[in-house]
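Engineer: Using numbering that gives the first Met the number 0, read the sequence shown as starting at 0 and increasing by one per residue.
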Amino acid sequence: MSPDPRPGRSSPSPRTDAARRMDAFRRSETPRRVSVTSPRTAAARRPRYPATREIDEQTRLGEVYMRSLLRTQFRLALFVCTVLACVVGGLPLLFLLIPELRGVDVLGVSLPWAVLAGLIYPAFVIGAWLYVRQAERNERHFAELVERR
Numbered sequence: 000m001s002p003d004p005r006p007g008r009s010s011p012s013p014r015t016d017a018a019r020r021m022d023a024f025r026r027s028e029t030p031r032r033v034s035v036t037s038p039r040t041a042a043a044r045r046p047r048y049p050a051t052r053e054i055d056e057q058t059r060l061g062e063v064y065m066r067s068l069l070r071t072q073f074r075l076a077l078f079v080c081t082v083l084a085c086v087v088g089g090l091p092l093l094f095l096l097i098p099e100l101r102g103v104d105v106l107g108v109s110l111p112w113a114v115l116a117g118l119i120y121p122a123f124v125i126g127a128w129l130y131v132r133q134a135e136r137n138e139r140h141f142a143e144l145v146e147r148r
């Protein structure tokens, strides 16, 4: 055995705790699990603002949300108005292209007047009902989007 180079020590230097753990790790068949944690467990988190607050305070993000809702509702209104305009505008064109339809009588009233008086108004009511139904669906989807954020 060689003499200890450090004065005051008669035995070989004691093994460090880390060296003993490393030897035990190498000898064991299954490695020991070590849990690693962050020293910043109580770190401050960024405050989370609900999207409704963004909308209420009229921030840029709130403007984006509102613009998307308004754009969706506007597209729906344009679609419904276009369909109804095509139906109402198409009737005179239909009677112009097929003149035999102008001479047909339904219960003593000519067909063009019967269609205008009896079928156009129910079409408007159905179109309005479908519009309201779809607009409410759009608003529900918007509310879900805002709540998810």
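Note that beta-carbon positions come from the ideal geometry of N, C-alpha and C, so glycine has one too.
Which residue from 66, 110 and 118 puts its Cα closest to that of residue 97?
Structural biologist: Translated into positions along the sequence shown, residue 97 becomes position 98. Residue 110 is the option with its Cα nearest to residue 97.
Engineer: Let me know the secondary structure DSSP gives residue 105 once reduced to three states.
Structural biologist: On the sequence shown, residue 105 is found 106 positions in, with the first residue counted as 1. Strand at residue 105.
Engineer: Hey, quick one: how far does the alpha helix (DSSP H) through residue 57 stretch, first residue to last?
Structural biologist: Indexing the sequence shown from 1 puts residue 57 at position 58. Segment: none, residue 57 is in no alpha helix (DSSP H) and carries neither H nor E.
Engineer: On the CB-based measure, 16 or more other CB atoms within 10 Å of its CB, does residue 64 come out buried or exposed?
Structural biologist: Translated into the one-based positions of the sequence shown, residue 64 becomes position 65. By the neighbour-count rule (16 or more Cβ atoms within 10 Å), residue 64 is buried.
Engineer: Can you give me the C-alpha to C-alpha distance between residue 62 and residue 140, rounded to a whole angstrom?
Structural biologist: Counting from one through the sequence shown, the residue named residue 62 turns up at place 63. Counting from one through the sequence shown, the residue named residue 140 turns up at place 141. Those two C-alpha atoms are separated by around 17 Å.
Engineer: Could you check what DSSP says for residue 35 in three-state terms: helix, strand or coil?
Structural biologist: Residue 35 sits at position 36 when you count from the first residue of the sequence shown. Here residue 35 sits in coil by DSSP.
Engineer: Assign residue 81 to one of three DSSP states: helix, strand, or coil.
Structural biologist: As a first step, residue 81 is located in the sequence shown; it is residue number 82 there, counting from the start. DSSP places residue 81 in helix when its eight states are reduced to three.
Engineer: Using 8 Å as the threshold, is the C-beta distance between residue 117 and residue 82 below it?
Structural biologist: Within the sequence shown, residue 117 is the residue found at index 118, counting from 1. Within the sequence shown, residue 82 is the residue found at index 83, counting from 1. Against a cut-off of 8 Å, the Cβ pair of residue 82 and residue 117 comes out as no contact.
Engineer: Does the distance from the CB of residue 75 to the CB of residue 142 come in under 8 Å?
Structural biologist: Here residue 75 refers to the residue found at position 76 when the sequence shown is read from its first residue. Here residue 142 refers to the residue found at position 143 when the sequence shown is read from its first residue. For residue 75 and residue 142, no; Cβs fall outside 8 Å.
Engineer: Just to confirm the assignment, what range does the alpha helix (DSSP H) spanning residue 118 have?
Structural biologist: One-based indexing of the sequence shown puts residue 118 at position 119. Premise fails: residue 118 is in no alpha helix (DSSP H) and is neither H nor E.
Engineer: Suppose you measure from the CA of residue 90 to the CA of residue 113; what does that come to, to the nearest Å?
Structural biologist: Counted from its first residue, the sequence shown places residue 90 at position 91. Counted from its first residue, the sequence shown places residue 113 at position 114. C-alpha separation (whole angstroms): 12 Å.
Engineer: Quick check on DSSP: helix, strand or coil for residue 15?
Structural biologist: By one-based count along the sequence shown, residue 15 stands at place 16. In the structure shown, residue 15 sits in coil (DSSP, three-state: anything other than H, G, I, E or B).
Engineer: DSSP state of residue 125, grouped into three classes?
Structural biologist: Here residue 125 corresponds to residue number 126 of the sequence shown, with the count starting at 1. Residue 125: helix per DSSP, three-state reduction.
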